[in-house]
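Participant: Heads up: the sequence lines are chains A and B, in that order.
Using my numbering, read the first sequence as starting at 1 and increasing by one per residue.
Using my numbering, read the second sequence as starting at 1001 and increasing by one per residue.
Every residue, glycine too, gets a C-beta built ideally from N, C-alpha and C.
Protein chains: 2
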Amino acid sequence: MDKGSRSPAMTDVARLAGVSHQTVSRVLNDHPNVKEQTRIRVRAAIAELGYRPNRAARALVTGRSQLIGVVARNSTLFGPATMLSEFEQAAADAGFAVSVGSVRELDRSSISAVVDRHLDQRVAGLVVIANTASATEALAEIPEDLPVVFIDGDPSSGRPLVTVDQVAGARAATRHLLDAGHETVWHVSGPTDWFDSAGRIQGWRQTLEEAGAEVPPLLSADWSAAEGYRTGQMLARMPEVTAIFTANDHLALGILRALHERGRRVPHDVSVVGFDDVPEAAYFIPPLTTVRQAFGDVARAALSLLLGQMRDDSGTADQIVVPPQLIVRESAPRRI
Amino acid sequence: MDKGSRSPAMTDVARLAGVSHQTVSRVLNDHPNVKEQTRIRVRAAIAELGYRPNRAARALVTGRSQLIGVVARNSTLFGPATMLSEFEQAAADAGFAVSVGSVRELDRSSISAVVDRHLDQRVAGLVVIANTASATEALAEIPEDLPVVFIDGDPSSGRPLVTVDQVAGARAATRHLLDAGHETVWHVSGPTDWFDSAGRIQGWRQTLEEAGAEVPPLLSADWSAAEGYRTGQMLARMPEVTAIFTANDHLALGILRALHERGRRVPHDVSVVGFDDVPEAAYFIPPLTTVRQAFGDVARAALSLLLGQMRDDSGTADQIVVPPQLIVRESAPRRI
DNA sequence: AATGCCGATGTTATCGATAACATTTCGGAG
DNA sequence: CTCCGAAATGTTATCGATAACATCGGCATT
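1. At a cut of 8 Å, does the stretch 1097–1107 of chain B reach the stretch 1035–1043 of chain B through at least three beta carbon pairs?
2. For Gly1004(B), I'd like the list of residues in its chain whose CB is within less than 8 Å of its CB, leaving aside the five on either flank, ordered along the chain.
3. According to DSSP, is His187(A) part of a helix, a strand, or is it coil?
4. Near Glu358(A), which residues of its chain fall below 7 Å by C-beta distance, leaving aside the five closest residues on each side in sequence?
5. Give the range of the beta strand (DSSP E) segment to which Phe1150(B) is assigned.
6. Mind checking if Leu119(A) is an interface residue toward chain B, Cβ cutoff 9 Å exclusive?
7. Can you tell me the Cα-Cα spacing of Ala59(A) and Ala1056(B), whole angstroms?
8. Does the distance from the C-beta atom of Pro1279(B) to that of Ser25(A) stay below 9 Å?
9. Show which residues of chain A have a CB atom less than 7 Å away from the CB atom of Pro1279(B).
10. Return helix, strand or coil for Phe245(A), following the three-state DSSP convention.
11. Measuring CA to CA, which of Ala1113(B), Arg1073(B), Gly1079(B), Leu1077(B) is closest to Leu1106(B)?
12. Which of the three DSSP states is assigned to Asp1276(B) in this structure?
13. Starting from Ser1102(B), find everything on chain A with Cβ-Cβ shorter than 7 Å and list it in chain order.
14. Look at the alpha carbon of Leu1119(B) and the alpha carbon of Val273(A), and state the distance between them as a whole number of angstroms.
15. Could one say the Cβ of Ile111(A) lies closer than 9 Å to chain B's Cβ atoms, at least one of them?
16. I'd like to know whether the C-beta of Val328(A) is nearer than 9 Å to at least one C-beta of chain B.
17. Taking 9 Å as the CB-CB cut-off, is Met1010(B) touching chain A?
18. On the criterion of 16 or more Cβ atoms from any shown chain inside 10 Å, does Gly190(A) qualify as buried, or is it exposed?
19. Between Ala294(A) and Ala1226(B), which are expected to be in contact by the criterion C-beta below 8 Å, what is the C-beta distance as a whole number of angstroms?
20. Buried or exposed: where does Gly158(A) fall if 16 or more other Cβ atoms within 10 Å of its Cβ makes it buried?
21. Going along the chain, which residues of the stretch 279–303 of chain A sit with their C-beta nearer than 9 Å to a C-beta in chain B?
22. Going by C-alpha distance, which of Val115(A), Asp152(A), Arg15(A), Thr174(A) is nearest Leu146(A)?
23. Starting from Gln1325(B), follow its DSSP beta bridges and name the residues at the other end.
24. Can you list, in chain order, the residues of its chain with a C-beta nearer than 7 Å to that of Asp196(A)? Leave out the 5 residues immediately preceding and following it.
25. Is it the case that the Cβ atoms of Val1162(B) and Ala1301(B) are separated by a distance below 9 Å?
26. Contact criterion: CB-CB distance below 9 Å. Does Thr246(A) meet it with respect to chain B?
27. For chain A, check one thing: does any of its Cβ atoms lie closer than 9 Å to the Cβ of Gln1202(B)?
28. Could you list which residues in chain A have their beta carbon closer than 8 Å to that of Tyr1051(B), in chain order?
29. Of all the CB atoms in chain B, is at least one closer than 9 Å to the CB of Ala193(A)?
30. Within its chain, find whatever has a CB closer than 7 Å to the CB of Thr323(A); leave out the 5 residues flanking it on each side and keep chain order.
31. What residues of chain B sit near Gly254(A), judged by a beta carbon separation below 7 Å?
32. Closer than 9 Å, Cβ to any Cβ of chain A: which residues of the stretch 1147–1181 of chain B, in chain order?
33. Could you check whether the Cβ of Leu980(B) sits closer than 9 Å to any Cβ belonging to chain A?
34. Can you look up Gln22(A) in the DSSP assignment and give me helix, strand or coil?
35. Could you give the C-beta distance for Thr1174(B) and Gly1203(B), rounded to a whole number, given that I count them as a contact under 8 Å?
36. Got a sec: which bits of the stretch 1260–1273 of chain B sit with their beta carbon under 9 Å from any beta carbon on chain A, in order along the chain?
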């Protein structure tokens, strides 16, 4: 209303309700031992004044804010951006705000800087989207007593972690191609220092070996359509290549174009499977068979792990693995 | 070091340096009237203890945190996601953290809820990525004295705003197609309640009218490849359609596929121009001619406007318009 | 009826910074 | 050599919440 005057504080509510500020605090924090009638009176006063608690004051005395810090690299990529968005939604529902801290590289000093900024804000917890090994090393920067959850981190770290089952996804993709009749499957991976890449490579290789298929040389790239295109130009020249599994959809896009330019038809001559299921994957030429990751589930799982840690600091080192799902479209149909 | 004990406070630094805590505060805030020698001694003590100021305490007494709130819708889209990422980088360099608040819809109540959450955190300023008119209406929720900058908002609102010159971008795209020899240009727009869409429609229509070309009916869609595809299926059936300008690259992708399916060659039969220049646009089939938006520049401009408002509350209602750039690729070459 | 305990509430201390005011120090003018 | 004003520094109050302890009734127990 009168925007000039400062916003009401707890004492104002207390005065109006005819109680002490401490009772107001108790009502706010759902303490027991408050008479129902008083509770109602206080709630009414809160509503009447439009009172909203000052989080800074609370953070000062409790030493912890209602803020969750997220450390991520390059949140422009589809995966991280979606994850961040989903996580923010989930956190908001739980009454937390989310502070983002992007870093260009997940090296130790960058991470350390971002973590420090978050510590300055006295974040209640930290989510690290740690897709490379270097990020895990930077772990040491994080105080022991701060709740932390890793997303896409090192499964062998023993730290609380939520991740999509990359191995299973890659197995499904590779299996799908073998079942369609291909003798073997080529793989264009993401950067090899990413856990995501490593898991997909592992799943791909295992599946080939189990099927007794020859394992072609690994082709590694970054995540961009540009490198997919370059790699694709090479693959398009090799007649023995009939099935390609790429580590993400953008790589697949570049490859589709290279194949197209060389006159190799998809899926008639070559089948292609991607990873991610970006919204536009269904509109590639041809529509892309790919592996969908349930980012929303990952985000919600990460939040619940974090909230769990914040409640009891027993350090439950849970790890949650979310299964991915193969989406079959025209670039790699069931039968060729 | 010893993680058990609480982190050092200002008084600890003061004791070590042999001064009062107030002097430490003065050093931290770069006040004048501190002897150089004292300043050095305090700095040394800060370094030795690894002291970091408690932002919650500062926020409590000043009534403002070192946190900038961002209100955005669906930050999964390329534009918003890139904007957010760039803004976070810029803000970090200026010593600010960024708290994100996504909303599913930019209606009044959602915005109001997000703004309230930010106010709870006592944000120092607010950036609203307000791409629809409904967002501008929700303006009223924001206190007068809080620094606010709009990105992609209503240019006629008189509020501080940074935006890409959508009209100029659309003019360049349309002009490019006309110059290449097309009689007219069809336009597939984004949702008409987005300012971005409105500007692009306006630029497109103006350019056609100025050139004396017939203005085809406007086709509006959402931003997805799916709707681009549906619209494209219709356009592909119309032989008189030889040039299409789409409101973003994903729409263009869907259209490219629809044209491909109908056997209409791009650019031989139909030329297509997109908008955004997503990283993979160069790897569409064929590579997409599009309009690049300098999101980084927009983000930095928004931050500087915000910092300006935070310094002097004179309410400088600056508006900054960032020019876009036409990127010519094969889907719409200079000459057909 | 006295005792004791517990539920409901109030009082005071505290977090760690900045703001406002008080005090000391120091250099130069008279 | 004294005095004055500005520069340098110190003291105390304050922000708005929670924590810890204090108080006050009433009800069950003996």
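Facilitator: So, from the data block:
1. no
2. Confidence at Gly1004(B) is low in this model, with a pLDDT of 42, below 50, so its placement is unreliable and the value that follows should be read with caution. Within the same chain, Gly1004(B) has no close Cβ partners at all.
3. strand
4. With chain A covering 1 to 336 only, the question about residue 358(A) has no answer from this structure.
5. 1148–1151
6. yes
7. 6 Å
8. no
9. Ser224, Ala225
10. strand
11. Arg1073(B)
12. strand
13. Ser85, Glu88, Gln89
14. 46 Å
15. no
16. no
17. no
18. buried
19. 20 Å between Cβ atoms; not a contact.
20. exposed
21. Pro279, Glu280, Ala281, Ala282, Tyr283, Phe284, Ile285, Pro286, Pro287
22. Val115(A)
23. Arg1292(B)
24. Asn131, Asp152, Gln166, Gly190
25. yes
26. no
27. no
28. Those do not exist, as Tyr1051(B) stays about 11 Å from chain A at its closest Cβ, beyond 8 Å.
29. Before going on, a small fix: residue 193(A) reads as Asp here, not Ala. No, no contact with chain B.
30. As written in the sequence, residue 323(A) is Pro, which differs from the Thr given in the question. Answer for Pro323(A): Asp165, Ala168, listed in chain order.
31. Tyr1283
32. none
33. Any property of residue 980(B) remains undetermined from this structure, which presents chain B solely from 1001 to 1336.
34. helix
35. 7 Å
36. His1260, Glu1261
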